[in-house]
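S.K.: Numbering-wise (full-length UniProt numbering), the sequence shown opens with residue 1 and increments by one. Every residue gets a Cβ at the ideal spot worked out from N, C-alpha and C, and that includes glycine. Right, I'll just put the structure down here and ask away after.
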Amino acid sequence: MRLSSRIFLSILFIPILGIFLVLTSVKFQLLNYNFVTQSFKKHDSYSKVPILLNSSIAEGEDDLDKEEKQGLEEVVKIITPEFAESIVERNLKEIANFVDGKSDDIVLYFPLQKPETFSLSNLGGDRVKSQMKQARNTSSYLLLVWAIILFLLISLLFMHYKLGGNKKLKGTGILLIICGTIFTILATLAMFFLRHTAEDLIKPGKEPAQNLLGILASSVLPEITQTWLTVAVALLTTGVVLSLFSNFSPHKNS
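Written out as structure tokens, the structure reads:
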């Protein structure tokens with residue numbers, strides 16, 4: 001009975017741990033202004049913006065008249081890495097303030113047009129306002145959901161330990177080894193996949209918006225998978241230590 005209960009708890013623990021890692025990445029990484037901007041700087045993403053914009057313009061210059069070409073050439077001269085950094089970070093700050101409840105609207109800044117700023121809620125009407133409200137309400141519950149799942153994980157691990165009988169530490173160690181191994185493999189595969197698709201995410205000749213999304217993905221996603229890998233290795237190491245400790249100290253398992 002105890003064995004079947006521990007197997008059930010183990011099967012339940014692994015997917016819930018996966019959900020917990022996803023929520024952690026969303027709440028504390030994707031929605032974290034400092035994390036995103038530091039990821040951009042670490043991967044030298046701002047310096048890629050002028051290059052990719054230039055290539056996008058060159059790709060479509062046959063469809064432009066003389067005045068449009070001249071206008072775009074002036075834009076390329078203005079958009080330096082420093083200029084791109086100031087625009088991206090200002091707009092990300094607006095989004096972060098909205099998500100954190102510090103602002104009721106997202107006012108985007110784009111100095112290459114007139115007017116230089118525009119309100120996202122006013123631009124899209126009532127439908128966009130409703131969607132923005134739903135998005136912020138969802139983000140406000142993320143921390144609560146994250147805390148509940150963390151509590152659930154700790155409870156499952158504690159129950160798994162208590163049902164271990166004379167092999168509490170060893171059984172819990174094996175569970176952590178299994179979890180660590182699974183998520184190490186998943187994180188390694190994700191890093192391998194991203195490394196080999198990075199060139200496709202950012203490719204000269206694509207639309208500027210596509211390249212900006214590619215820069216975001218190629219900067220932030222590797223950092224998230226690295227976090228997953230770190231957590232997985234920590235679980236694996238902890239599991240090995242517990243298993244070894246239980247073998248050398250069998251009297252402490254009871």
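Comparing alpha-carbon positions, which option in Pro15, Leu9, Arg2 and Leu21 lies nearest Ala147?
M.R.: The sequence position of residue 147 within the sequence shown is 147, counting from 1. Selected option, being the one with the closest Cα: Leu21.
S.K.: Looking at the secondary structure, which residues open and close the beta strand (DSSP E) in which Thr24 lies?
M.R.: Counting from 1 along the sequence shown, the entry for residue 24 is found at position 24. Per DSSP, Thr24 belongs to no beta strand (DSSP E); it is in the alpha helix (DSSP H), Arg2 to Ser25.
S.K.: Is DSSP giving His251 helix, strand or coil here?
M.R.: As a working mapping, residue 251 is identified with position 251 in the sequence shown. Note on His251: pLDDT 49, under 50, position unreliable in the model; the coordinate value appears next. Looking at His251 - three-state DSSP - the assignment turns out to be helix.
S.K.: Have a look at Leu156 and Phe13 and give me their C-alpha separation to the nearest angstrom.
M.R.: Translated into the one-based positions of the sequence shown, residue 156 becomes position 156. Translated into the one-based positions of the sequence shown, residue 13 becomes position 13. Approximately 7 angstroms, taken between the alpha carbons.
S.K.: Quick check on the DSSP output: the beta strand (DSSP E) that includes Tyr109 runs from which residue to which?
M.R.: Counting from 1 along the sequence shown, the entry for residue 109 is found at position 109. Element bounds for Tyr109: Val107 to Tyr109.
S.K.: Does the distance from the CB of residue 255 to the CB of Leu169 come in under 7 angstroms?
M.R.: The chain is shown only over 1 to 254; residue 255 falls outside these bounds and no answer can be derived.
S.K.: Near Ala187, what residues of its chain come up, given a Cβ to Cβ distance below 6 angstroms and the 5 sequence neighbours on each side ignored?
M.R.: Working through the sequence shown from its first residue, we reach residue 187 at position 187. Thr225, Trp228, Leu229 and Ala232.
S.K.: Using a 10 Å radius around the Cβ and a threshold of 16 neighbouring Cβ atoms, would you call Val241 buried or exposed?
M.R.: Counting from 1 along the sequence shown, the entry for residue 241 is found at position 241. So Val241 ends up on the exposed side.
S.K.: Considering only C-alpha positions, which residue in the set Asp104, Phe40, Asn97 and Thr172 is nearest to Ser86?
M.R.: As a first step, residue 86 must be located in the sequence shown, where it is residue number 86. When each option's Cα is compared against that of Ser86, the closest is Phe40.
S.K.: Three-state secondary structure (DSSP) at Val240?
M.R.: Counted from its first residue, the sequence shown places residue 240 at position 240. The answer is helix: DSSP assigns Val240 an H, G or I state.
S.K.: What is the rounded straight-line gap between the Cα of Lys42 and the Cα of Ser219?
M.R.: Looking up residue 42 in the sequence shown gives position 42. Looking up residue 219 in the sequence shown gives position 219. Looking at the two C-alpha atoms, the distance is approximately 8 angstroms.
S.K.: DSSP three-state call for Thr80: helix, strand or coil?
M.R.: For this step, residue 80 is matched to residue 80 along the sequence shown. It is coil, neither helix nor strand.
S.K.: Does DSSP put Ser119 in a helix, in a strand, or in coil?
M.R.: The residue you call residue 119 lines up with position 119 of the sequence shown. Strand at Ser119.
S.K.: Just tell me which of Ser103, Val99, Asn97 and Pro111 has its CA closest to the CA of Ile78.
M.R.: Translated into positions along the sequence shown, residue 78 becomes position 78. When only C-alpha atoms are compared, the closest one is Pro111.
S.K.: Going by DSSP in three states, Ser103 sits in which element: helix, strand or coil?
M.R.: Counted from its first residue, the sequence shown places residue 103 at position 103. Coil at Ser103, not helix or strand.
S.K.: Keeping to the same chain, check which residues put their C-beta closer than 8 angstroms to that of Ile174; ignore five residues upstream and five downstream.
M.R.: Looking up residue 174 in the sequence shown gives position 174. Closer than 8 angstroms at the Cβ level, and outside the excluded window around Ile174, lie Gly239 and Ser243.
S.K.: Could you give the DSSP three-state label for Asp126: helix, strand or coil?
M.R.: Along the sequence shown, one-based indexing puts residue 126 at 126. Residue state, collapsed to three classes: helix.
S.K.: Would you report the Cα separation of Ile215 and Val36, rounded to the nearest angstrom?
M.R.: The count along the sequence shown starts at 1 and reaches residue 215 at position 215. The count along the sequence shown starts at 1 and reaches residue 36 at position 36. The straight-line gap from Cα to Cα measures roughly 11 angstroms.
S.K.: Give the range of the alpha helix (DSSP H) segment to which Asn34 is assigned.
M.R.: Within the sequence shown, the letter at position 34 stands for residue 34. Its alpha helix (DSSP H) spans residues Tyr33 to Lys42.
S.K.: Considering only the alpha carbon of each residue, which of Pro81, Leu53 and Ser10 lies closest to Leu152?
M.R.: Looking up residue 152 in the sequence shown gives position 152. It is Ser10.
S.K.: Evaluate Asn137 with the Cβ neighbour count: other Cβ atoms within 10 Å of its Cβ, from every protein chain shown; 16 or more gives buried, anything less gives exposed.
M.R.: By 1-based counting over the sequence shown, the position of residue 137 is 137. The residue in question, Asn137, is exposed, as its Cβ has fewer than 16 Cβ neighbours within 10 Å.
S.K.: Going by the CB atoms, is the gap between Cys179 and Leu235 shorter than 7 angstroms?
M.R.: Numbered from 1 along the sequence shown, position 235 holds the residue referred to as residue 235. Numbered from 1 along the sequence shown, position 179 holds the residue referred to as residue 179. In contact: Leu235 and Cys179 (Cβ atoms closer than 7 angstroms).
S.K.: Quick check on Ala84: buried or exposed, where buried means 16 or more other Cβ atoms within 10 Å of its Cβ?
M.R.: For the purposes of this step, residue 84 is identified with residue 84 of the sequence shown, where counting begins at 1. Flag for Ala84 reads buried.
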